[in-house]
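Encoded as structure tokens, the structure appears first; notes follow it.
2 protein chains.
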Amino acid sequence: METQTILIKNTTLVANEVRKGSVLIEDDKIVDITDNKSFNSADEIIDAEGKVLIPGLVNTHNHLSMSLMRGLADDLPLDIWLNDHIWPMEAHLGGEHCYVGALLSALEMIKSGTTTCNDMYFFMDEVARAIDESGIRGLLCHGMIDLFDEEKRKGEYKETLRIIEKCHNTADGRIKVALGPHTPYTCSPELLNWVRKKADEKGLKIHIHVSETQKEVEDSLNDRKKRPFEYLEDINFLGPDVIAAHSVWLSGAEIALIKDNNVKISHNPLSNMKLASGMSPVSDMLANGVCVSLGTDGAASNNNLDLFQEMKTASLLQKVRNLDPTVLPASKVLEMATINGATALGMEEEIGTIEVGKKADIVLVDMKTPHLTPYRNPISHLAYSAEGSDVSTVICNGKILMREKEVLVLDEVEVLEMAENAAEDLTSRS
Amino acid sequence: METQTILIKNTTLVANEVRKGSVLIEDDKIVDITDNKSFNSADEIIDAEGKVLIPGLVNTHNHLSMSLMRGLADDLPLDIWLNDHIWPMEAHLGGEHCYVGALLSALEMIKSGTTTCNDMYFFMDEVARAIDESGIRGLLCHGMIDLFDEEKRKGEYKETLRIIEKCHNTADGRIKVALGPHTPYTCSPELLNWVRKKADEKGLKIHIHVSETQKEVEDSLNDRKKRPFEYLEDINFLGPDVIAAHSVWLSGAEIALIKDNNVKISHNPLSNMKLASGMSPVSDMLANGVCVSLGTDGAASNNNLDLFQEMKTASLLQKVRNLDPTVLPASKVLEMATINGATALGMEEEIGTIEVGKKADIVLVDMKTPHLTPYRNPISHLAYSAEGSDVSTVICNGKILMREKEVLVLDEVEVLEMAENAAEDLTSRS
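Chains A and B, in that order, are what the protein sequence lines are. Numbering-wise (the working numbering), the first sequence opens with residue 1 and increments by one. Numbering-wise (the working numbering), the second sequence opens with residue 1001 and increments by one.
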């Protein structure tokens, strides 16, 4: 196959510094970044005048297929929300629902500038199919729950190994598989130990929810006289390959454990606020050198997948939590949504910044709009004023997924119709 | 002049209940709401299939012209932000800057579904000119600051009276003028007493900032042994015509004073978070029957004017503040952004709901988009997943300001260019 090139010219790059320039893509990689305006030949030329070029955003905690449950139930206590609404619906989920839900989420993510996601759910080969078709990048894991039952545990091992076998390193390397123990309280120590062993053996990442609610910490203290991260340290579970979602209720000692083990944290501010879980001590973790990235969580508790909203909220929530407006500045939340996300997923050599040699995962944001005028500081605008809908063009792995707001890889009308039908089918079964 | 009619058909109305239907507008008013699908004649017919119809949103605290300072400075301590960035720029503001800044804000508000605003700033006749041209509704006041100086005070009286004389009840009644004492600490008791007297005499509203920061409350306690609302009560300033912005730091006794005097509160969650002012006890005020509405504050501390963001953040911030996900449900924040805003501005008989006899201030939100799919509960989608950019059509006072995302009343490209030039001019003077 011949080499394909794309030239993005007249843009403003938000890379190590903010500068005017052009970016040349060859196949799946960035091969040149230049100020040379006369450089003008490529198979495809994108004139990005008035647009800012950033790395594709990285969403480090999601349950993609749950977008079918968006708006199903809100404003409820957590137990009623789960027991009466989410779990009854999940009991009827089939592979086709998961495929369609993931396709809807992929479409939403493309339109709002996210090119990589970290997903935990069920029927993950069906989710992989949606990721493959949509052209984005995904680290996927089967959500393992054994509830301390041996039969269930064996089933979870089997499904996890099936997904690894079937999906890991597929779709030109865009799809990778991780191990997904749900939480320290829904998974037995046996399961967690198996996960740790497999991760070491196969070099896989681990994706887990830890310390989302105050109740989880209290239960852990009651049951084990240890806080969740202390327990995980005790069973030698923690390590640099662990991506811990939420991590809202943390002691200082736990932050030290997170740092010492180089555990990666996925902060989900909008979900934590909507479910009233609490305010994560993100600024304390960052001050201690912890790698904190951003996730949206599933659309059932957000209710969208827009990382621009997540960036703004992450910054503002830390400012008001600390009563200090200097905390978590604009440039820092942009890092959290890009290179920190890439680092969390072990992809920091490939994506997360605009650099020669890296994969071409690139997003253009249109700045010629009232809420981004006047144009002064693009980083401020990206963090505090832009919305997902300002994204105009999205490239992942060197392929143009959306151009000037037209999604090229999926039929938008068809996906919305499939999603409505799948949601209706699910409701009728529940 | 002949009667003009507009029929909006096949829509989903979010009025007292959610229902399918059509709305007939005659001149500036809603004259019929019907389920009759055969009703099909009007000068202009808008087919709103797939769209949800809501009242135009009401933004009860703004400094419109400050959109020229959007992104000028962020992530700074309040005193440095004001002393080194905002005030030096404001010192060079002229009428033309204020006109252009307000025009930019009006354009942004139209595009995100806001049809009424409550504005405090300088050169308010220039702001009125922008509001007039843009077709939206505004309650405008000159921001009065005397710093306890008699000469300054006289100047503020003069400017306030000039603006009332020139602008009150202009633009077919779309523009009204209020009295705008800046704060209880930048205005002398003499000025506040004059404002109270004029408000009673002329039946005007009063727009003031109260208890935005913890420091303001501490200073008030040090200077007067009273908290800000206690002081205002003592000088007989409070009343149902007072719109108090921010009101972040409140004692229980102050909430009772606010309720007893039927003071209207404008809650500005994003600004309060960005400036690290604090978390207003909104749920406590609502539980006590206080009328709380929503404002964006100026774009320099937000950094946009999107009331959809403000609705989501208001709800989520109260949930996490109370660690209770049932607090401030979707339907309540929608009320805050519509009828509560109208009530705050004394316009509840005219706008804020979709009812026969009210002014036709109407917004259509496009639901056929990935982040609003599946379509289950439009109120949940409006509060938790929609963004300003989902607004497709905006009508104010019976006039179509934007149709299918095309702004009809202003030349968007021209306004953006004027704003860039005005911002540049302002920077060069500072």
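From the three backbone atoms N, C-alpha and C, an ideal C-beta is built for every residue, glycine too.
{"Asked": "Taking CB distances under 8 Å as the criterion, tell me whether ASN1304/B reaches chain A.", "Found": "yes"}
{"Asked": "Would you kindly work out how many angstroms separate the C-alpha atoms of LEU1334/B and LEU345/A, rounded to a whole number?", "Found": "38 Å"}
{"Asked": "Is the distance from the Cβ of ASP361/A to the Cβ of ARG224/A below 8 Å?", "Found": "no"}
{"Asked": "Closer than 8 Å by C-beta to ILE1322/B: which residues in its own chain qualify, once you throw out the five before and the five after it? Chain order, please.", "Found": "In the sequence as presented, Ile is not what sits at residue 1322/B; that position holds Asn. Closer than 8 Å at the Cβ level, and outside the excluded window around ASN1322/B, lie SER1283."}
{"Asked": "Give me the residue from LYS1029/B, MET1273/B and VAL1248/B with the minimum Cα distance to LYS319/A.", "Found": "MET1273/B"}
{"Asked": "Assuming LYS434/A contacts ASP35/A (C-beta within less than 8 Å), just tell me the rounded distance between them.", "Found": "Outside the displayed span of chain A (1 to 430) sits residue 434/A, for which this structure offers no information."}
{"Asked": "Below 9 Å on C-beta distance, what does MET402/A contact in chain B?", "Found": "In chain order: nothing, as chain B lies at least about 12 Å away."}
{"Asked": "At the level of alpha carbons, what is the spacing between ASN1040/B and GLU1355/B?", "Found": "20 Å"}
{"Asked": "Pick out the complete beta strand (DSSP E) segments inside the segment 1344–1381 of chain B, 3 residues or longer, and give them in chain order.", "Found": "1362–1366"}
{"Asked": "Write down every uninterrupted run of the alpha helix (DSSP H) in the segment 1214–1276 of chain B whose length is 4 residues or greater and which is fully enclosed by it, in chain order.", "Found": "1214–1224, 1228–1234, 1252–1260 and 1269–1274"}
{"Asked": "Could you name the residues of the segment 202–227 of chain A whose beta carbon sits closer than 7 Å to any beta carbon of chain B, in the order they occur along the chain?", "Found": "none"}
{"Asked": "Tell me which residues of the segment 261–287 of chain A have at least one Cβ-Cβ distance to chain B shorter than 8 Å, keeping chain order.", "Found": "LEU270, ASN272, MET273, LYS274, LEU275, ALA276, SER277, GLY278 and MET279"}
{"Asked": "Which of helix, strand or coil does DSSP assign to GLY21/A?", "Found": "strand"}
{"Asked": "My output table needs one value for PRO1329/B: the three-state DSSP class, helix, strand or coil.", "Found": "coil"}
{"Asked": "Grab the span of the alpha helix (DSSP H) containing THR1160/B for me, first residue to last.", "Found": "1150–1167"}
{"Asked": "In three-state DSSP terms, what is MET279/A?", "Found": "coil"}
{"Asked": "Going by beta carbon distance, what residues of the same chain come within less than 8 Å of CYS291/A, once the five residues before and after it are set aside?", "Found": "ASN262, LYS264, ILE265, ASN340, THR343 and ALA344"}
{"Asked": "With which residues is VAL1127/B paired in a DSSP beta bridge?", "Found": "In DSSP, VAL1127/B forms no bridge with anything."}
{"Asked": "Residue range of the beta strand (DSSP E) that PRO1055/B falls in?", "Found": "1051–1055"}
{"Asked": "Got a sec: is the Cβ-Cβ distance from PRO88/A to anything in chain B below 8 Å?", "Found": "no"}
{"Asked": "Whose Cβ in chain A lies nearer than 9 Å to the Cβ of GLU1420/B?", "Found": "THR373, PRO374 and TYR375"}
{"Asked": "What do you get for ASN1268/B, buried or exposed, if any count of 16 or more other CB atoms within 10 angstroms of its CB means buried?", "Found": "buried"}
{"Asked": "For LEU64/A, which residues in chain B fall below 7 Å Cβ to Cβ?", "Found": "Those do not exist, as LEU64/A stays about 12 Å from chain B at its closest Cβ, beyond 7 Å."}
{"Asked": "Which chain A residues are close to GLU1108/B, counting only those with a beta carbon under 8 Å from its beta carbon?", "Found": "PRO370 and HIS371"}
{"Asked": "Could you give the C-beta distance for GLU1057/B and ALA1102/B, rounded to a whole number, given that I count them as a contact under 8 Å?", "Found": "Per the sequence shown, the amino acid found at residue 1057/B is Leu instead of Glu. About 17 Å separates the two Cβ atoms, so there is no contact after all."}
{"Asked": "Any C-beta of chain B sitting closer than 8 Å to the C-beta of ASN340/A?", "Found": "no"}
{"Asked": "Which residues share a DSSP beta bridge with SER188/A?", "Found": "Bridge partners of SER188/A: none, in fact."}
{"Asked": "Can you find a CB in chain A that lies within less than 8 Å of the CB of ALA1048/B?", "Found": "no"}
{"Asked": "So with Cβ pairs under 8 Å, would you call THR1296/B a contact of chain A?", "Found": "no"}
{"Asked": "Out of GLU1201/B, ASP1125/B, THR1012/B and THR1373/B, which one is the CA nearest neighbour of ASP1241/B?", "Found": "GLU1201/B"}
{"Asked": "Using a Cβ-Cβ distance under 8 Å, would SER251/A count as near chain B?", "Found": "no"}
{"Asked": "Would LEU192/A pass as a contact of PHE123/A if the rule is Cβ separation under 8 Å?", "Found": "no"}
{"Asked": "Using a cut-off of 8 Å between C-beta atoms, extract the partners of TYR384/A located in chain B.", "Found": "GLY1071, ASP1074, LYS1274, ASN1302, ASN1303 and ASN1304"}
{"Asked": "Below 8 Å, how does it come out for the segment 1179–1199 of chain B and the segment 1396–1408 of chain B: are there three or more Cβ pairs, yes or no?", "Found": "no"}
{"Asked": "Note the first and the last residue of the continuous beta strand (DSSP E) segment covering LYS111/A.", "Found": "From DSSP, LYS111/A is part of no beta strand (DSSP E) but of the alpha helix (DSSP H) over 95–111."}
{"Asked": "Check ILE1136/B in the structure and name its three-state DSSP category.", "Found": "coil"}
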